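Numbering (the working numbering), first residue to last: 3 to 582. Heads up, the beta-carbon is just placed ideally off N, CA and C, and yes, glycines get one too. Bear in mind that the values here come from a model prediction, so they are computed numbers and not experimental data.
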């Protein structure tokens, strides 16, 4: 402030020297008031916040603070100088925030371009802001990359569709060529025709004709034997009466299915071994996936979804079953191959209960939460030597557990030494439970009474998966022979729809799954292939097929409301795909 007094004396000297006496009197009058003794804070603040910052006059704002710093140079002003430095920091930060809120990123870049080196090297209190700027830049970069990926996926889908159309044309030409019955062709018996063919050897034509007749005979023989083999007993014979029209409709194989048209796709690479199970939560926002090394990961596929529930859970044994609580994303049930059942609280990020099945049934094959009541059902099995996964599962235990006390409520009756239960499913109100078994049976239980109410032989082989249809007037089942059936619940034993999706060899290696979309029109199946078929249950279309993994698909699930599905694979990845 000593400099200010010296400046005042210089102004007075100047006015006297020039003879500006009237001005001198006005100047001295001003100095004698309170206005002349201090800075005019209101006017300075108005200049800063009404002019310099809104109009992005950064150079003038910096010049103002440079002037203030020159005013407090004496040691006595050290405290005031420290306060000035803090004020400068706050004002410059306000300048940056105001520019961002106004959408003027160019002014933010200009600010850090002019002051970046000084602030980063000399001012530690600005380092966090540089990190924020880097994060914002990376987010913009990621957003641009996602848009590029989406455009590339759309272009890829168009090219794949074009390729499949060309392949279909080639395949059709091949079918037309193979379908020519040369044995019934009328060859003109004229001298011209004889002379044109004279001396020409045509072994390929007659060999193809012979091969075609042999293939036709084999097809008739196989069709006849398959019809005969489907009659296991009188009841099963009636249930397998499928019309010839339906059989004739199944002409297109899974390899001929067009590929899905992708809206977006995200790939999760957080596992180190083959995926054993993957499930989307009740809200559709979170995904739980497990691998054969006993690791469970909870993650999100949408960057706008909070990642507060993300977690890694180590179970110490291969995870064989996952089931989200049906009413929220709070609880996840985890079943392991050594008979363990863990209840994971996704909000608290901890195991709230660690259960075990009895020693007689050490393998958990499936878990399902009731959609209404706070209970869940566990399907456990004993072990025995065997060459396939179904041979290694012994007898069954079907237990109902309470999710408040974490105690068993009852064991559902299955008879003496029942075959293992591979899959369970509740209906919409939790009153009926469907269960599939390794002897090909489907069992139905009344959960209120805890009793079996009906059952029927569904397959000539073990049943891998079972689920209720969309209107709950039918049940879908997948057998280890690769056959899929939709069974009527109004007319027990009647088949409403069927498909044969793969060779039996691929189905004996693991228990495969089926999953129905929210509309009940598309059925997604794991079939031991790198692409999973999506069968059109309702309508005239045959189906679609997913984009390829680099190894076989091991688990599938649909979003509860949207046309989004997930596929887990032996290539250690899980993909979330939204289709058009």
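On the criterion of 16 or more Cβ atoms from any shown chain inside 10 Å, does residue 293 qualify as buried, or is it exposed? buried
What is the rounded straight-line gap between the Cα of residue 32 and the Cα of residue 112? 41 Å
Segment limits, beta strand (DSSP E) that includes residue 28: Counting along the chain, residue 28 falls outside any beta strand (DSSP E), though it belongs to the alpha helix (DSSP H) covering 23 to 33.
Where does residue 533 fall in DSSP's three states? Of the three classes helix, strand and coil, the one that applies to residue 533 here is coil, per DSSP.
3-residue-minimum beta strand (DSSP E) runs that sit fully inside the segment 283 to 345, ordered along the chain: Counting whole runs of 3 or more residues, the segment 283 to 345 contains the beta strand (DSSP E) stretches 288 to 293, 297 to 302, 313 to 316, 321 to 326 and 333 to 338.
Grab me the residues of residue 340's own chain with a C-beta within less than 7 Å of its C-beta, minus the 5 sequence neighbours each way, in chain order. 319 and 364
Check whether the Cβ atoms of residue 263 and residue 92 sit closer than 7 Å, and answer yes or no. Cβ atoms of residue 263 and residue 92: not closer than 7 Å.
When we look at the beta-carbon of residue 408 and count the other beta-carbons within 10 Å, is it buried (16 or more) or exposed? exposed
Tell me, which residues are paired with residue 443 by DSSP? 459
Cβ neighbours of residue 27 in the same chain (closer than 8 Å, five flanking residues each side left out): In its chain, beyond the 5 residues on either side, no residue has a beta carbon closer than 8 Å to the beta carbon of residue 27.
Please classify residue 167 as buried or exposed, where buried requires at least 16 other C-beta atoms within 10 Å of its C-beta. exposed
Measure the alpha-carbon distance for residue 9 versus residue 61 and round it to whole angstroms. 25 Å
What residue range is occupied by the uninterrupted beta strand (DSSP E) comprising residue 46? From DSSP, residue 46 is part of no beta strand (DSSP E) but of the alpha helix (DSSP H) over 43 to 49.
Using 10 angstroms around the beta-carbon of residue 563, count the other beta-carbons present and answer buried if the total reaches 16, otherwise exposed. exposed
Among residues of its own chain, excluding the 5 on either side of residue 378, which ones have a beta-carbon nearer than 8 Å to its beta-carbon? 325, 335, 369, 370, 371, 372, 402, 403 and 405
Limits of the beta strand (DSSP E) - the one that residue 267 falls within: 264 to 270
Under the rule that 16 or more other beta-carbon atoms within 10 Å means buried, what is residue 278, buried or exposed? buried
Go to residue 61, then tell me how far its alpha helix (DSSP H) extends in each direction, as first and last residue. 60 to 73
Give every residue of the same chain whose Cβ lies closer than 8 Å to the Cβ of residue 580, excluding the five residues on either side of it in the sequence, and list them in chain order. Result list for residue 580: 264, 265, 266, 267, 564, 565 and 566, in chain order.
Report the residue from 396, 382 and 286 whose alpha carbon sits nearest the alpha carbon of residue 388. When only C-alpha atoms are compared, the closest one is 396.
Per-residue burial, residue 115 [other beta carbons within 10 Å of its own, 16 or more giving buried]: exposed
Report yes if the CB atom of residue 481 is closer than 7 Å to the CB atom of residue 500, and no otherwise. no
Any contact between the segment 337 to 354 and the segment 296 to 315? By contact I mean 3 or more CB pairs, one from each, below 8 Å. yes
Rounded straight-line distance, which links the Cα of residue 550 to that of residue 576: 12 Å
Take residue 533 as the anchor and find which of 428, 568 and 451 has the nearest alpha-carbon. 568
Can you tell me the Cβ-Cβ gap for residue 424 and residue 438, rounded? I've got them flagged as a contact below 8 Å. Indeed, because the Cβ distance is near 5 Å, the residues count as touching under 8 Å.
Could you please give the first and the last residue of the uninterrupted alpha helix (DSSP H) stretch that includes residue 1? Outside the modelled stretch of the chain, which goes from 3 to 582, sits residue 1, for which no answer is possible.
Using only CA atoms, which one of 315, 381, 546 and 385 lies nearest to residue 352? 315
Would you mind giving the Cβ-Cβ distance between residue 530 and residue 291, rounded to the nearest angstrom? I have them listed as a contact below 8 Å. Going by Cβ atoms, the distance from residue 530 to residue 291 rounds to 19 Å, so no, they are not a contact pair.
Ends of the beta strand (DSSP E) at residue 428? Run containing residue 428: 423 to 428, per the beta strand (DSSP E) assignment.
Within a Cβ cutoff of 7 Å, which residues of the same chain sit near residue 528, ignoring the five residues on either side of it in sequence? 514, 515, 534, 555, 556, 557 and 558
Spatial distance of residue 86 from residue 145 (CA atoms): A direct Cα-to-Cα measurement between residue 86 and residue 145 gives close to 40 Å.
So, with DSSP's three-state summary, where would you put residue 146? helix
For the candidate residues 309, 465 and 154, whose alpha-carbon lies nearest to that of residue 367? 465
Which value, in whole angstroms, describes the spacing of the CA atoms of residue 517 and residue 175? Cα atoms of residue 517 and residue 175: separation of roughly 35 Å, rounded to the nearest angstrom.
Taking the alpha carbon of residue 433 as the reference point, which residue from 7, 449 and 173 has its own alpha carbon closest? 449
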